[in-house]
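Enquirer: Okay, here's the structure, questions in a sec.
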Amino acid sequence: GSRERAVFSLEGQEKQEQRRYIYRFMLENMMDDHRFKVTYRLCTDILAGVAEGDITLSASGTTLLQDALYVLSCDEIRLSQLRPSSKDHDDDDDGGGGGEMAQVATAINDLARK
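For the sequence shown, the UniProt record's numbering gives the first residue as 1, with consecutive numbering after it.
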């Protein structure tokens, strides 16, 4: 009932850190295609919704926007091919990985044009 809902609710500013922990955990365990879809949906559903006036910036709308911006800005949402790694810094020869990066960039550009 309503008591259980209140106990497990993650609504409001006071539960922001708990939500962010869950967002980071989920993103860390997602495949790149899912991260890309999440990014796309946050932009088209939340950011566009706010820009077009479909989502009002009431208390819950503001919290929703803050959460969306947090997820979009956290390191965990970055595609694994675009994340810096320690081996990227160790070998700066152009012998590997450049082709993959170009493919990822091309795919992102193609999807953005649709």
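We put the CB at the ideal spot given by N, CA and C, even for glycine. The model shown is predicted, which means the values in this text are computed figures rather than measured ones.
Tell me whether residue 46 is buried or exposed, calling it buried when 16 or more other Cβ atoms sit within 10 Å of its Cβ.
Expert: Its Cβ being crowded by 16 or more others within 10 Å, residue 46 is buried.
Enquirer: Which stretch, first to last residue, makes up the alpha helix (DSSP H) that contains residue 17?
Expert: Looking at the DSSP string, the run of the alpha helix (DSSP H) that includes residue 17 is 16-28.
Enquirer: Is the Cβ-Cβ distance between residue 27 and residue 35 less than 8 Å?
Expert: Yes, they are a contact pair.
Enquirer: Ignore the nearest five residues each way along the sequence and tell me which others in residue 23's own chain have a CB closer than 6 Å to its CB.
Expert: Here the set comprises 71.
Enquirer: Within a Cβ cutoff of 8 Å, which residues of the same chain sit near residue 118, ignoring the five residues on either side of it in sequence?
Expert: With the chain covering only 1 through 114, there is no way to say anything about residue 118.
Enquirer: DSSP state of residue 13, grouped into three classes?
Expert: In this structure, residue 13 counts as helix in the three-state DSSP scheme.
Enquirer: Helix or strand or just coil, what does DSSP make of residue 56?
Expert: DSSP places residue 56 in coil when its eight states are reduced to three.
Enquirer: Please report the distance separating the alpha-carbon of residue 75 from that of residue 65.
Expert: Rounded to whole angstroms, residue 75 to residue 65 spans 18 Å at the Cα level.
Enquirer: What residue does the alpha helix (DSSP H) around residue 49 start on, and which one ends it?
Expert: Its alpha helix (DSSP H) spans residues 48-51.
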